[in-house]
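In my numbering, the protein residues as written are 19 to 473.
From the three backbone atoms N, C-alpha and C, an ideal C-beta is built for every residue, glycine too.
Worksheet: one structure, shown below.
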């Protein structure tokens, strides 16, 4: 197996044993990038040459020592431009690292650039006017998801050992589901650098395996030494998270995953929390969050229409409406606490659809149900966001067209380490391959592929 196809944990073992050097791992990842990046465009801002010059000085004994990574282009980096995928910030150079970026740097990684994202992280399809479209490594005519689409695609291809991402409504879960890798959204507020008021947005981890994600998460969030719960487990299974439309092949794959989990000897019941108040709460707080961050861009026509609409919606919200939504968020969290007094895990679809064609800006129909907003098709993730609970997406299987589908596993707030332990057992039981068709990607002519929403 080639070095880029190994898990980050396996790469780290080779680095620490001296079997390979940081320079050799970096060169292997750069070679993989040269093969796939002309098609996938996951890492549009590259600094391989600078990283190579620094590789001999890398200390491989750090928590992430010698591993190859890049930071999402929504996270501020003091030595790399951060555009947020917007022409407004095309030449923006932050003066300091985001706190999560600083933690990962201190862990000893080799930084090779920035991963692509939708403009201001809005939506789950990675394209923007600065760096263009990121394609799915399993089928370059399909979306890599978003907003951490560049990170998920780069990790899937072996261009990066591990990657950071961020998540408001599903951005650490939808892209891994589309790209066949693992993505963890931590308990809200667990990772430094989040907004103290609008806690739904968080940084998190993407890797090829659960163990890789656990390695990265330990750096972002710190170790948790609480004892792990013994088996057996009580698992709730929700096929549609409160009646959401779900593509038939996604439903089939998640149902099979539930059956596989039951074969572990765990109790699986078809149950779910009450989702009746979740959507309005999420959509109100999302708009308020965008208005707080991007109020100056409300009328800037360089910014895509969906972002401007989100900002203006937030600016028009009465203060009492926002306060009511914040109170509802807290009440919903308490409801989930009650739910998890009966169950240890909830399993459900990560995304309601497999990866969709790159020319679509967003999904407008699922299984006969029309959708009228750019985020409505992401509710299988956003409904979990409001709970504040940790959730992870694991590869669960493939559609008849060979597209990956992820299963979402949710645990009680604050039990991230326990979730990772259980997710590792589920990952082993599911046994889904995670290597995309690298050779086919390398042989693809990008000029013959369909364009993205921007042409």
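Suppose you measure from the CA of residue 113 to the CA of residue 282; what does that come to, to the nearest Å? 50 Å
Kindly provide the ranges of any alpha helix (DSSP H) runs that are 4 or more residues long and lie completely inside the stretch 61 to 104, ordered along the chain. 66 to 72
Nearest to residue 361 by CA position, among 185, 297, 428, 372, is which residue? 428
Determine which residues share a DSSP beta bridge with residue 416 and list them. 422
Mind checking which residues open and close the alpha helix (DSSP H) that includes residue 52? 40 to 58
Distance between residue 393 and residue 380 (C-alpha atoms, nearest Å): Each residue's Cα considered, the two are about 8 Å apart.
Starting from the Cα of residue 423, find the closest Cα among 142, 54, 48, 267 and give me that residue. 267
Is residue 158 closer than 8 Å to residue 417 when the C-beta atoms are compared? no
Is there contact here, the stretch 296 to 307 with the stretch 77 to 97, by at least three beta-carbon pairs under 8 Å? no
C-alpha gap between residue 84 and residue 166, whole angstroms: 23 Å
Comparing C-alpha positions only, which one of 232, 254, 206 sits nearest to residue 220? For residue 220, the nearest C-alpha among the options comes from 206.
Relative to the alpha-carbon of residue 228, which residue among 287, 212, 437 has its alpha-carbon at the smallest distance? Taking only the C-alpha atoms, the option nearest residue 228 is 437.
Between which two residues does the beta strand (DSSP E) containing residue 221 stretch? 220 to 225
Distance check for residue 81 and residue 122, CA to CA, integer angstroms please. 9 Å
Reference residue 182; option with closest CA among 150, 132, 274: 132
Pair within 8 Å by beta-carbon distance, residue 60 and residue 177: Cβ distance < 8 Å, so residue 60 and residue 177 count as in contact.
Is it a yes or a no for the stretch 320 to 327 touching the stretch 123 to 142, going by three-plus beta-carbon pairs under 8 Å? yes
State the DSSP-derived secondary structure class of residue 180, mapped to helix, strand or coil. coil
Is the beta carbon of residue 171 less than 8 Å from the beta carbon of residue 86? Taking 8 Å as the Cβ cut-off, residue 171 and residue 86 do not qualify as a contacting pair.
Sufficient close CB pairs (3 or more, under 8 Å) joining the stretch 405 to 419 to the stretch 341 to 354: The stretch 405 to 419 vs the stretch 341 to 354: in contact.
Whole-angstrom Cβ separation of residue 482 and residue 378, contact assumed at under 8 Å? Outside the displayed range of the chain (19 to 473) lies residue 482, so it cannot be described from this structure.
Quick one: what's got a C-beta closer than 6 Å to residue 328's C-beta in the same chain, skipping five residues either side? These residues qualify, in order along the chain: 305, 308.
Could you check what DSSP says for residue 260 in three-state terms: helix, strand or coil? In this structure, residue 260 counts as coil in the three-state DSSP scheme.
Cβ of residue 125 within 8 Å of Cβ of residue 209? It is not a contact, given that the beta carbons lie outside the stated cut-off.
Proximity to residue 449 [Cα-Cα], best of 175, 275, 471: 275
I'd like to check one pair, residue 128 with residue 73: are the Cβ atoms closer than 8 Å? Going by beta carbons, residue 73 and residue 128 fall inside the 8 Å limit.
Take residue 439 and list the residues in its own chain whose beta-carbon comes closer than 8 Å to its own, dropping the five residues that flank it on each side. 246
Helix, strand or coil for residue 139 per DSSP? In the structure shown, residue 139 falls within a helical segment according to DSSP collapsed to helix, strand and coil.
Short check: CB of residue 137 to CB of residue 187, under 8 Å? no
Nearest-angstrom Cβ-Cβ length linking residue 470 and residue 151, presumed shorter than 8 Å: Rounded, the Cβ-Cβ distance is 3 Å, consistent with contact.
Does the Cβ of residue 441 have 16 or more other Cβ atoms within 10 Å, making it buried, or fewer, making it exposed? buried
With respect to the alpha helix (DSSP H) encompassing residue 239, which residues constitute its N-terminal and C-terminal limits? Run containing residue 239: 228 to 239, per the alpha helix (DSSP H) assignment.
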